[in-house]
Each structure stands twice: as structure tokens, then as C-alpha cells.
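To get my numbering, take the position in the sequence shown, counting from 1, and add 831. Virtual Cβ for every residue (Gly too), placed ideally from N, Cα, C.
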Amino acid sequence: MTASEIRQQFLDFFASKGHQIVPSAPIVIKNDPTLMFTNAGMNQFKDYFLGNRVPPNKRVVDTQKCLRVSGKHNDLEEVGIDTYHHTMFEMLGNWSFGDYFKKEAIAWSWELLTEVYKIPKDKLYVTVFQGDEKENLPKDQEAYDFWKEHIAEDRILLGNKKDNFWEMGDTGPCGPCSEIHVDCRPAAEKNLVDGKTLVNADHPQVIEIWNNVFMQFNRLKDKSLEPLPAQHVDTGMGLERLVRVLQDKTSNYDTDLFMGTIHTTEGLTGKEYAGTDDKKDVAFRVIADHIRAISFTIADGQLPSNTGAGYVIRRILRRAVRYYFSFLDVKKPLLHELVPVLAAQFSHVFPELQQQVDFVKKVVFEEENNFLHTLESGIRRIEDFIQHAATKAVDGKTAFELYDTYGFPYDLTSLIAAENGFSVDEKGFDAAMKEQKDRSRAATELDMGDWVILDETPNSVFVGYEQLESTTKLLKYRTV
Ligand code: ATP
Ligand code: MG
Ligand code: MG
Ligand code: MG
């Protein structure tokens, strides 16, 4: 089964249970000071849960483009090293806004996984919230009892607040969640090792695929809980992980979601991807992952820049460039060549990339090209430093020089340092950065950034770039 078919089956299954199929929200979030990028399917529905807006339908299903590279969810460090955390991924989700609750959500997720997708039952484990006395949170006995109708009790594991309780913030809607994990190892292998479960233990073949959140409480300022007037279901299943399970692979990167870009990279570099932990193979995975995040974020209206969300994208891009430069021996721009491959692959799901493919390709090319001009000398600088250092630490001033003169984002310096067993003085880096900011703030009062927003009314959505000039990007907005 192809990834496209798997995605469509999810949407069709919940449509058959009365859900309306809705489009993904953009990956880039404007007008929300608390969040730069969509990091979960529920973000775009926040106002429905808070009761600020009325949903178009009480049952909704979608696939949401998510990015987890900053804030509460930051998976960047794992990407390429492990085989199941991505920067950008698709979160499949079904939603009940004050309609069905635990019984149906549990029954349908079981039906979909075991009857439609036909995942063998002896590969599945589920987790249920065990309760937390200190925080006055009850065990989710209801979910436990509903699961018991479908799955053997020794496959229902109790989990702590970190994994099995969801809250929007210190106050507001919250509730227990129930996760589904797949053990991809041969069925005979035991889940318990030294009395400890492999579920939620970072085992590369025992992975979480689906989270069912049951919003049932409102947390008040004094920490007490009151029942919500209406109860909601919010679920999220990582498409890339699901596809990996259904295509019977040991890595997300071996699925048809990533093999197109990996094969193209092989063709462009003359190197072969072997799926090992070797630096070369990590580079293939990092590139295949990062180019998705970069392309879709640019297509959704965020250009690389030196501040805020734009800098996050620039950091991801530079990280990918450094990987092909150092480990695939490529010294000229490469990433932009992958943009059309992705655009074609996703044209039926996320047409926004195909619609702006030439523009996105050009932006990526210019970014890589610029960075490549200073990358080599920057690498020489840090290697020289490492060779002559008295202690295994990069001081803040040097880290800042790498940032300022060679365009090395802090996390890139830190990555290279770590590869050589060095740490970096982050505080010293921040202090040097602040010093420079204070100086430049004094020099110029007005900072235009990279954006000129033509129409910033809250009711307008970004629909594409109109023109690209050397310093000013004009954006097109449509009023909704
Ligand atoms: P994990 O414990 O593996 O980091 P999570 O508990 O942080 O996952 P949730 O916030 O529960 O993930 O998100 C719902 C689902 O989204 C997960 O069950 C998983 O399938 C998928 N998912 C989460 N983070 C990633 C990621 N970085 N890359 C790919 N899929 C992800
Ligand atoms: Mg996580
Ligand atoms: Mg988890
Ligand atoms: Mg989870």
C-alpha cells in the first residue's frame, strides 16, 4: 500500500463515521504570540476547544503538516540519528468537538488499525493514564475499561503524567490521553526486558504511533479541576510512522514518503544510501527530512531570515548544507534540486508547493549558495580552534564569531563541537549576541526584517508570493 493510499484510507474511514474532511492549516502560524509553527493537529482548532468559535461540524478529520523544531516540542536533535522523529511530519487526526468521547474513539482507532490496516493484534500495546496523586489527577479507569473490550489486559500499560496527560497550558482544557504503540520486532520477542517495558523507552523498533487525547477537565488558577461543559477528542497519528509499519520497514526513511528524495540525492551525489548509522547515511536522512520542512514552510509563507520563525528555517537549511558538505562531499548547492521532487510527490495533498515550485527552489538555492561561501572557512576556523584548544570547550566569543562571520547558527556549532567531544559556552554566546544587538539597536531604530506585509488584517490568509526582489519580499494575501 502506498503512503497516499494509507493517508486516504484514514480520511475515508473517519468520513464513513460522520467526520467532515478538512484541509491542513498552514505550517506557519501568524497572529499567535505563543506559537511560531503548527506542532500538532489541534492548534488550528484551539478556539473550538476553548468555546470561542463554533466548529463547522462536530466531527472532523484531517492530515496536518506539523513542525517540531522549537519550544515545547523540539525534535531536531533526534532527526536523522533516529529513524522516526522528523522535523516536519503529517499528523493524521480525528476530532470530536463536544460529540463522541472515549468509547467511540477507542473502538474506532482499534477497528482502523486492526481491521482496515490489518496490523496484527500481537504487535500492539496501549497506554492509559495511571493518575497522579500529587497533582490530584485521577487514573483514567474509563479508558482502561473500554480498552479491555478490545485488547488483552497485559497489553494495557499504565503511563505517567509526562506521556499520558495533556494540557494546553498551566490553566485551561486538559485531560488524560491514551497512546497506541507498535512493536515492530518479530512477535516472539518479549516486551519486558529486566522487568521494564520497551514501550516509551526509546527503542527504535517499539514506537508510538497514535495518541488519543480526551479533553474533559478545565484547570483553574488554584490548580483544581472542574469538568468541561463539553468533552472533546483530539487524536494524532504520525503518518510517516504508520506507513513504516504498514510497509513493513525498520525505518521511516525506507518508505515511499522519503525514498524519492533519497534516490534523487543518490543520483546527484554518486553516493549510495545504506541505512546504517554511518555519518553518510545520517546525512541522507537529514537531507530527506530537512528539505521537506524547508520547502513546505517557505510555501506556507515563511522565508528564511535572521529573526524569529525565519531564522528557524535558516538554521534547518544550514544544518542540511553542512551535512552534505561534510559527509557527502558535495561542495555546491544541492537541496534546491529536491524541491521539484517533493512538489510532484505531494501535489495531490498539499498543492501549495507545486504552485510555487520555481519560487521555492530559487529561495532555497540562494540560501544554500550564500551559506556555502562561508561554510568552508567556518569549518576550518572551528577545526583549528578544536586542534589548539586547551580544554574541551568552545568559548562564547568563538561561537559568536562563527555565527557572525561565518553564518553558523549556534546549534550547528554545538553539533560540530559535540562530534569532537566539545561543549559550547551557551551563556557566553548569548552575552556576545546581546552585546552586538545592543550596539546595532543603537545604530538603527527601525528594523524592517525581511517582510513587507501588504495586508495584515487577521482575516487574511497567505496565498503565495508575488515577487522576489533582492531585499524585499512582497506577499500576496487574500481576505477570507
Ligand atoms: P514521541 O514520544 O515519539 O516523541 P510524542 O508523544 O511527542 O511522540 P504526540 O505529541 O503524542 O507525540 O503526537 C502524536 C503522534 O505524532 C505521535 O504518536 C507520533 O506518531 C507522531 N509524532 C510525534 N512527533 C513526531 C515527530 N517528530 N516525527 C514524526 N512523527 C511524530
Ligand atoms: Mg515527542
Ligand atoms: Mg510520546
Ligand atoms: Mg504522545
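Per DSSP, what are the beta-bridge partners of residue 893 in this structure? 924
Let's test the definition: count the other Cβ atoms within 10 Å of the Cβ of residue 1094 and tell me whether it reaches 16, buried, or not, exposed. exposed
Own chain residues within Cβ distance below 7 Å of residue 1063, not counting five before or after: 880, 927, 928, 929 and 1046
Between the region 1174 to 1194 and the region 1118 to 1127, can you find at least three pairs of beta-carbon atoms closer than 8 Å? yes
When DSSP labels each residue in this structure, what does residue 852 get in the three-state scheme? strand
Assign residue 1277 to one of two classes, buried (16 or more other C-beta atoms within 10 Å of its C-beta) or exposed (fewer than that). Residue confidence for residue 1277 is low, a pLDDT of 42 falling below 50, so the modelled location carries little weight; the figure read from the coordinates is stated next. Flag for residue 1277 reads exposed.
Kindly indicate the opening and closing residues of the alpha helix (DSSP H) around residue 1190. 1188 to 1219
By how many angstroms is the C-alpha of residue 1204 removed from the C-alpha of residue 995? 47 Å
For residue 1056, tell me which candidate among 842, 1167, 1107 and 969 has the shortest Cα-Cα distance. 969
State yes or no: is the C-beta of residue 1042 nearer than 6 Å to some heavy atom of ligand 4? yes
Got a sec: does ligand 1 put a non-hydrogen atom nearer than 6 Å to the Cβ of residue 1012? no
Mind checking whether the beta-carbon of residue 1379 lies closer than 6 Å to any heavy atom of ligand 1? With the chain running from 832 to 1311 in the structure shown, residue 1379 is simply not present.
Within the same chain, show all residues whose beta-carbon is closer than 8 Å to that of residue 839, passing over the 5 residues directly before and after it, in chain order. none
Where residue 1232 falls, given that 16 or more other Cβ within 10 Å makes a residue buried: buried
Quick one: what's got a C-beta closer than 8 Å to residue 1178's C-beta in the same chain, skipping five residues either side? 1184 and 1185
Nearest residue (CA-CA) to residue 1112, options 1012, 1090 and 1264: 1090
Residue range of the unbroken alpha helix (DSSP H) whose run includes residue 1171: 1170 to 1176
Residue 1288 to residue 1012 span [Cα, whole Å]: Any reading at residue 1288 must be qualified, since the residue scores a pLDDT of 46, below 50, and its modelled position is unreliable; no value is offered.
Please give me, in chain order, every unbroken run of the alpha helix (DSSP H) with length at least 4 that falls completely inside the region 1092 to 1160. 1110 to 1130 and 1139 to 1158
Verify the contact flag: residue 994, CB atom, against every heavy atom of ligand 3, threshold strictly below 6 Å. yes
Our contact map puts residue 834 next to residue 1087 with C-beta atoms below 8 Å; I'd like the distance itself, whole angstroms only. 5 Å
Among 951, 941, 1023 and 966, which residue has its Cα nearest to the Cα of residue 1010? 941
Secondary structure of residue 1090, DSSP reduced to three states: helix
Could you give the DSSP three-state label for residue 956: helix, strand or coil? strand
Rounding to the nearest angstrom, what Cα-Cα distance links residue 854 and residue 962 in this structure? 35 Å
Nearest to residue 935 by alpha carbon, out of 1155, 911, 974 and 989? 974
Reference residue 1312, options 1155, 1263, 1138 and 1014, closest by Cα: In the structure as shown, the chain starts at 832 and stops at 1311, and residue 1312 therefore has no counterpart that could be examined.
If we ignore side chains and look at the alpha-carbon of each, how far apart do residue 997 and residue 1005 end up? 6 Å
CA-to-CA distance, residue 1252 to residue 1198, given in whole angstroms: 29 Å
Nearest-angstrom Cα separation, counted from residue 955 out to residue 1020: 13 Å
Using a Cβ distance threshold of 8 Å, determine whether the region 1095 to 1114 contacts the region 1135 to 1145, with at least three qualifying pairs required. no
What does the alpha-carbon distance come out to for the pair residue 843 and residue 925? 11 Å
Which of helix, strand or coil DSSP assigns to residue 870: coil
Check the C-beta distance from residue 1003 over to residue 1049 and give it rounded, since I have them as a contact under 8 Å. 7 Å
Relative to the C-alpha of residue 949, which residue among 1034, 1172 and 1073 is closest? 1073
Taking only three categories from DSSP, how would you classify residue 929? coil
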